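To start, the structure under review is shown below, and the notes come after it.
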């Protein structure tokens with residue numbers, strides 16, 4: 156035991172050695188049992204280590220989540236949200252391309268008098284709507300004529316592809332806005348009727364029937380340009396689509412009713428005429444229309460005859476007497 160007491164130039168008592176031995180034994184079991192102060196230090200270290208670990212894990216999760224969000228579309232609220240940055244750039248680029256196409260077409264029609272179809276061959280229907288709507292707003296009267304002339308130069312199959320867009324988004328708005336006749340627009344429409352009569356009737360004549368036109372000369376051009384064999388089509392479309400007789404309808408109907416109409420059309424026409432008989436009682440064109448109608452068509456029932464008498468009774472034009480004389484002979 157004496158050797159154990161010597162530490163270089165120092166010596167330790169027996170009591171001190173025993174205390175060190177007890178501490179040594181405790182350290183073998185648990186360092187925290189050797190001194191209570193080790194306990195608080197150990198816990199603090201553990202907490203700090205745990206906190207650092209949790210913070211590190213949270214950062215890793217957040218980073219992973221961000222990477223995941225960038226790589227995959229979100230499905231929050233059951234909707235897939237595709238990356239906006241790329242889509243917005245694509246839409247912007249697409250919009251710029253359409254604007255460029257419109258500008259090229261506009262310059263070609265106004266300066267060169269021709270539509271370059273190469274630029275629109277691969278466009279979708281929605282894109283064609285945008286193109287022709289913008290062209291309709293920008294084109295001058297001459298530019299509009301050049302557009303129609305370009306389309307009528309195409310073969311029927313290819314021209315039909317674009318004719319509906321031109322009628323709906325270029326010609327129809329200009330016809331509605333007209334306050335006086337336009338020779339260029341009239342010529343443009345006449346050329347379209349000759350080449351594409353069905354499209355003009357469908358996309359111009361029918362939609363315009365219930366519009367209060369300031370100038371209806373273009374509609375007269377449509378009817379006058381139609382082949383006689385096709386004039387039964389607009390009168391049928393008229394009775395099916397017109398909600399009421401308008402003043403600008405009268406000269407058009409006079410042209411259409413100069414030929415015999417089908418029995419199923421007759422009753423509907425008489426109904427439209429009867430509804431406005433009082434309103435047009437002093438209108439000479441209306442009186443002339445009644446006379447032309449009676450001369451071209453035969454009354455087939457007592458109901459039709461009675462309705463015509465009611466129409467004539469309120470008429471105040473000089474055609475009244477002539478119409479009455481015809482009715483008396485039936």
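In the numbering used here, the protein residues as written are 156 to 485.
Don't be surprised by glycine CBs; every beta carbon is placed ideally from N, CA and C.
Computed from a predicted model, the values in this text were never measured in an experiment.
In this structure, residue 368 places its C-beta atom within 8 Å of the C-beta atom of residue 331. Taking C-beta atoms as the reference points, residue 358 and residue 323 count as a pair closer than 8 Å.
Residue 423 sits in a helix when the DSSP states are folded into three classes. DSSP places residue 171 in the helix class (H, G or I) of the three-state scheme. Less than 8 Å separates the beta-carbon of residue 441 from that of residue 405.
In the three-state reduction of the DSSP assignment, residue 464 falls in the helix class. Boundaries of the alpha helix (DSSP H) harbouring residue 408: 404-411, taken from the DSSP string. Boundaries of the alpha helix (DSSP H) harbouring residue 373: 372-380, taken from the DSSP string.
Scanning its chain for C-beta atoms nearer than 6 Å, with the 5 sequence neighbours on each side dropped, one finds around residue 436 the residues 469, 470, 471, in chain order.
In the structure shown, the three-state DSSP call for residue 434 is coil. Within the model, the alpha-carbon separation for residue 327 versus residue 413 is close to 27 Å. Residue 178 counts as exposed, since fewer than 16 other C-beta atoms from the protein chains shown sit within 10 angstroms of its C-beta.
When DSSP states are grouped into helix, strand and coil, residue 350 belongs to the helix group. Between the region 371-379 and the region 412-432, the count of C-beta pairs closer than 8 Å stays below three; the two stretches do not touch.
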